[in-house]
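In my numbering, the protein residues as written are 23 to 75.
C-beta atoms are modelled at their ideal positions from N, C-alpha and C, and glycine is treated no differently.
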Amino acid sequence: QYDKYMAANDVSKGGSFYLQSKVYRAKELLQEFEKGARTEMKKESNQSGSSNQ
C-alpha cells in the first residue's frame, strides 16, 4: 500500500509532497512499532523459557 499511496501523491504528477511525507512517516512509525513488538515478544519468550527450567 505504501507504494500505491506514494505513486498517487507523486509531486511530478500533481500530487502532494506533504501527503507523501505523512505516508512516509506513518510507514516509519509502523516499522518502529513492529520492531518494538518483536523485541518485546522475544523478551517474553526468553523469560518464560528460563522460568520453566
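Other residues of its chain near residue i: CB distance less than 7 Å, five sequence neighbours each side excluded
i: residue 24; result: 45 and 49
i: residue 27; result: 45
Own chain residues within Cβ distance below 6 Å of residue i, not counting five before or after
i: residue 39; result: 33
Residues of its chain near residue i, where Cβ-Cβ distance is below 8 Å and the 5 sequence neighbours each way are ignored
i: residue 30; result: 37
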